[in-house]
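Asks: One structure, as structure tokens, below. Some questions next.
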Ligand code: AMP
């Protein structure tokens, strides 16, 4: 399976330094920054620096080092933003949207970390 990566997407432009971001944390392989339209008091996006479209692309083709770095950076964001449960925080939710049904807006893999308020049900109930 091959994944077509669009180099013009907004997160690629952030990684190239063409547009600014509010960085929370940066490592060799990963960047975490505040979402421009926050949906909760804490709303941080964690992205790999590599050219991956979505979670399954990243998991299939990223190196073990990139995957470990991504996971540890996301965990550190939970700690630094104070949402980590059991450590004074009240919890959080991670979300990664993919494709049309996932309603993915930006085609560069990212994890949302949301917290700072009660987030409600995971999904609204829809009559089918
Ligand atoms: P998704 O629907 O999962 O692809 O989410 C994309 C997210 O990127 C949305 O929550 C947007 O608010 C966020 N976003 C779009 N442009 C920017 C930007 N320039 N800086 C930070 N966040 C952005």
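Residue numbers (my numbering): 4 to 131. Built from N, CA and C at the ideal position, the CB exists for glycine as well.
Could you give the DSSP three-state label for residue 48: helix, strand or coil?
Replies: Three-state result, residue 48: strand.
Asks: In this structure, how does DSSP classify residue 126 when only helix, strand and coil are distinguished?
Replies: Coil, per DSSP.
Asks: Does DSSP put residue 115 in a helix, in a strand, or in coil?
Replies: The answer is strand: DSSP assigns residue 115 an E or B state.
Asks: For the beta strand (DSSP E) that contains residue 77, what are its first and last residues?
Replies: Taken as a continuous stretch (DSSP letters only), residue 77 belongs to no beta strand (DSSP E), being part of the alpha helix (DSSP H) at 67 to 83.
Asks: Any contact between the segment 78 to 85 and the segment 33 to 48? By contact I mean 3 or more CB pairs, one from each, below 8 Å.
Replies: Yes, the segment 78 to 85 touches the segment 33 to 48.
Asks: May I ask which residues mark the beginning and end of the beta strand (DSSP E) holding residue 16?
Replies: Per DSSP, residue 16 belongs to no beta strand (DSSP E); it is in the alpha helix (DSSP H), 13 to 18.
Asks: If you follow the alpha helix (DSSP H) that residue 29 is part of, which residue opens it and which one closes it?
Replies: Element bounds for residue 29: not the alpha helix (DSSP H) but the beta strand (DSSP E), 26 to 29.
Asks: The ligand AMP: which residues have Cβ under 5 Å from any of its heavy atoms, chain order?
Replies: This selection yields 13, 38, 39, 40, 100, 107, 108, 109.
Asks: Below 8 Å on the Cβ atoms is my contact criterion, and I expect residue 33 with residue 97 to pass it. Report the Cβ-Cβ distance as a whole number of Å.
Replies: At roughly 14 Å, the Cβ-Cβ gap does not stay under 8 Å, so residue 33 and residue 97 are not in contact.
Asks: Can you tell me where the alpha helix (DSSP H) with residue 60 in it begins and where it stops?
Replies: Note, residue 60: alpha helix (DSSP H), 58 to 64.
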